[in-house]
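J.: Let me give you the structure first, and then I'll get to my questions.
Below is the structure:
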């Protein structure tokens, strides 16, 4: 129970740090405050929203407005602390990576209730973690960054597959979350430090 | 009853004038007739469609094809009258502003049946009025105008909050619609005349 | 029954060739392998997904993961055979055209179960065949090609209207599919050979 509280709190920090990254992307594009809030909102909650729409579930932020307050807080925090954000870059990266990990796991967990096929479940896990960023880039009129440069797609795929595999062998939800999230955090951190990236299509064609 | 007929008629003029603005945007991008109709359609009905999808409702234009005929009429009117459209710019602005106001109110009214939380209800009101334009700009490969320049976001937010507040105090639906729509029309007209705009994120960061 | 097997097989070749065209579009934009697969997926299945969302149906690829394997096969085939793809351009065009035809018909058939209005049914037929390409172009940060240059919109519209008309006169589903699909294939091939295109909005305004 206490661990669940911690996980749920970490999930909120993920929403919070995605909102920050959305607002900063909007600022770079010289958007105004309205645009900044929409993009913060969408970056943080867009992946989960798409998942809920495709699985025909109630949209999570419609049911739990707390998410919206967290997005607004993240956006305001980004507005206030922008001058210092470079200095806290590593802290942000940490929150962001934890957020990605927990987004992936929560997407997998929800999809497990609605499909029995591993590839479908994996897709929803990866979608939950990545599509907020994809829609953010579309709204900012850019080709989605994650299609061009490895950021965290591999990490999400590996973590989702790990969760699905361990779930098949009846590993407990809590243990599974911790293990799979650790894999995501580990791979992403490694990829960023070592500069790993997917091969470009042009180079392998 | 007669007043409701008037409101419903004004709502249709909103769809009509959004379709005109969609077709004109498509013409500026040198699209062909097919593209023009799709963008007219989407500008007029995209915000409400997104709202219906997220609230898990039947899509309004699927249920009431009348909307589609109005869009087609608006698109054809824009094709025919384009040479004169500059001359009727003020009339168009009037219809457009009434449309925005009634889109916002109708979004709020529908959301009130599905959520009890003011921020959720407000989001759906603003979404109904603004997201057709957002999707139009994405289809035309532009950063959405409403993220960069105040057009009517503030007006929609104010009108939606007014409606939610008066609804809480049991003001009748009709009276509430008239008051809240008037606020939207007033603020938008003022914002356009005075050139008000949201601060850019760059300037406040 | 055997004919239905053939149709269903042809439908899969449509998904397959749409996945190829998606991956090739991604390669032109210098995306990486992850981006290539997402765009192949979305090009092949995006139109049907939008249709299913708007009609509030279960998403077809969530229910039948076979679609996903076909997309993956198409994407891998494009990766392997890219050097030879120019040489098999005509074969690809054939599969692509058959795919468009069967996408349109299947969209119409599904919509017929959920609406009785011809314009709604036609819209869903055309949407099923065209919106994968529209979303692909948005993800690749281009104005959708089909809004600028006749590719197959007319063919889809004609085929959808033909199916709806013959269905009204109780022509059998199989006969109707063959006739309507033939019209789509014929018009598209003619349009490509003769270079027909929709008038641009600029030229008629």
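Chains as they are written, first to last, in our numbering: chain A, 1 to 205; chain B, 206 to 410; chain C, 411 to 615.
For glycine and all other residues, C-beta sits at the position ideal for the given N, C-alpha and C.
Determine, for residue 245/B, whether the minimum Cβ-Cβ distance to residues of chain C falls below 7 Å.
T.: Cβ-Cβ to chain C under 7 Å: no for residue 245/B.
J.: Compute the distance between the beta-carbons of residue 20/A and residue 78/A, then report whether it is under 7 Å.
T.: Yes.
J.: Taking C-beta to C-beta, are residue 102/A and residue 10/A nearer than 7 Å?
T.: The answer is yes: Cβ separation under 7 Å.
J.: Exposed or buried, which one is residue 541/C when buried takes at least 16 other CB atoms within 10 Å?
T.: Flag for residue 541/C reads buried.
J.: Quick one: give me the first and last residue of the alpha helix (DSSP H) that residue 336/B is part of.
T.: Its alpha helix (DSSP H) spans residues 323 to 344.
J.: In this structure, does DSSP put residue 442/C in helix, strand or coil?
T.: Strand.
J.: Under 8 Å between beta-carbons, which chain B residues line up against residue 140/A? List them in chain order, please.
T.: Going along chain B in sequence order, the residues near residue 140/A (Cβ under 8 Å) are 348.
J.: DSSP three-state label for residue 522/C, please.
T.: Note: residue 522/C maps to helix in three-state DSSP.
J.: Between the segment 2 to 18 of chain A and the segment 102 to 119 of chain A, can you find at least three pairs of beta-carbon atoms closer than 8 Å?
T.: Result yes; three or more Cβ-Cβ pairs closer than 8 Å.
J.: Does the Cβ-Cβ distance between residue 622/C and residue 532/C come in under 7 Å?
T.: The requested residue 622/C is not part of the displayed model; chain C covers only 411 to 615.
J.: Does the pairing of the segment 89 to 101 of chain A with the segment 351 to 364 of chain B give three or more beta-carbon distances under 8 Å?
T.: At 8 Å Cβ cutoff, the stretches do not touch.
J.: Note down, in chain order, every chain B residue with its Cβ under 8 Å from the Cβ of residue 170/A.
T.: Here the premise fails: no neighbours, minimum Cβ distance about 33 Å.
J.: Against chain A, which members of the segment 518 to 532 of chain C pass a CB distance test of less than 7 Å?
T.: Answer in chain order: no residues at all.
J.: When burial is assigned at 16 or more other CB atoms within 10 Å of the CB, is residue 467/B buried or exposed?
T.: Coverage of chain B is limited to positions 206 through 410, which leaves residue 467/B absent and any answer about it impossible.
J.: Run through chain A and tell me which residues come within less than 7 Å of residue 439/C, C-beta to C-beta.
T.: Going along chain A in sequence order, the residues near residue 439/C (Cβ under 7 Å) are 143.
J.: How many angstroms separate the CA atom of residue 450/C from the CA atom of residue 478/C?
T.: Roughly 10 Å separates the two Cα atoms.
J.: Please identify the residue among 582/C, 608/C, 569/C and 584/C whose C-alpha is closest to the C-alpha of residue 596/C.
T.: Checked all of 582/C, 608/C, 569/C and 584/C; the closest Cα to residue 596/C is 569/C.
J.: What in chain A is Cβ-close to residue 355/B, meaning under 9 Å?
T.: Ordered by position in chain A, the residues that pass the 9 Å Cβ test against residue 355/B are 32 and 34.
J.: Run through chain A and tell me which residues come within less than 9 Å of residue 436/C, C-beta to C-beta.
T.: Those are 147 and 201, listed as they occur along chain A.
J.: On a CA-only basis, which of 207/B, 241/B and 305/B is nearest residue 608/C? Give me that one, please.
T.: Nearest of 207/B, 241/B and 305/B to residue 608/C, Cα basis: 241/B.
J.: Tell whether a beta-carbon distance below 7 Å holds between residue 258/B and residue 53/A.
T.: Result yes, Cβ atoms of residue 258/B and residue 53/A sit closer than 7 Å.
J.: Jot down the residue ranges of each uninterrupted beta strand (DSSP E) in the segment 222 to 301 of chain B, minimum 3 residues, whole runs only, in chain order.
T.: Those beta strand (DSSP E) runs which fall completely within the segment 222 to 301 of chain B and span 3+ residues do not exist here.
J.: How would you label residue 203/A, buried or exposed, when you count the other beta carbons within 10 angstroms and need 16 or more for buried?
T.: Classification of residue 203/A: exposed, given that the 10 Å Cβ count is below 16.
J.: Among 427/C, 610/C and 414/C, which one has its Cα closest to the Cα of residue 498/C?
T.: That would be 427/C, whose Cα lies nearest to the Cα of residue 498/C.
J.: Under the rule that 16 or more other beta-carbon atoms within 10 Å means buried, what is residue 208/B, buried or exposed?
T.: It is exposed - the Cβ of residue 208/B has fewer than 16 other Cβ atoms within 10 Å.
J.: Compare the beta carbon distance of residue 385/B and residue 367/B with 7 Å and say whether it is the shorter of the two.
T.: Yes, they are a contact pair.
J.: What residue from 470/C, 474/C, 465/C and 575/C has the CA that sits closest to residue 528/C's CA?
T.: Of the candidates 470/C, 474/C, 465/C and 575/C, the one whose C-alpha sits nearest the C-alpha of residue 528/C is 575/C.
J.: Below 8 Å on the Cβ atoms is my contact criterion, and I expect residue 249/B with residue 277/B to pass it. Report the Cβ-Cβ distance as a whole number of Å.
T.: Not really, about 10 Å apart at Cβ, beyond 8 Å.
J.: May I have the straight-line CA-CA distance separating residue 468/C from residue 524/C, to the nearest angstrom?
T.: Roughly 13 Å between the two C-alpha positions.
J.: Starting from residue 378/B, follow the alpha helix (DSSP H) in both directions and report where the run begins and ends.
T.: Unbroken alpha helix (DSSP H) run through residue 378/B: 378 to 399.
J.: Can you check whether the CB of residue 610/C is closer than 7 Å to the CB of residue 342/B?
T.: No.
J.: For residue 233/B, count the other beta carbons within 10 Å of its own beta carbon; 16 or more makes it buried, fewer makes it exposed. Which is it?
T.: Its Cβ having fewer than 16 others within 10 Å, residue 233/B is exposed.
J.: Verify the CB distance criterion: does residue 469/C have a CB-CB separation below 7 Å to chain A?
T.: For residue 469/C, the answer is yes, since a Cβ of chain A falls inside 7 Å of its Cβ.
J.: Give the DSSP bridge partners of residue 161/A, in chain order.
T.: None, per the DSSP bridge assignment.
J.: Got a sec? Which residues, its chain only, sit under 6 Å from residue 254/B by beta carbon, not counting five neighbours each side?
T.: Correct list, in chain order: 264.
J.: By Cβ distance, which residues of its chain are closer than 8 Å to residue 358/B, with the 5 residues on each side in sequence left out?
T.: 331, 335, 351 and 403, listed in sequence order.
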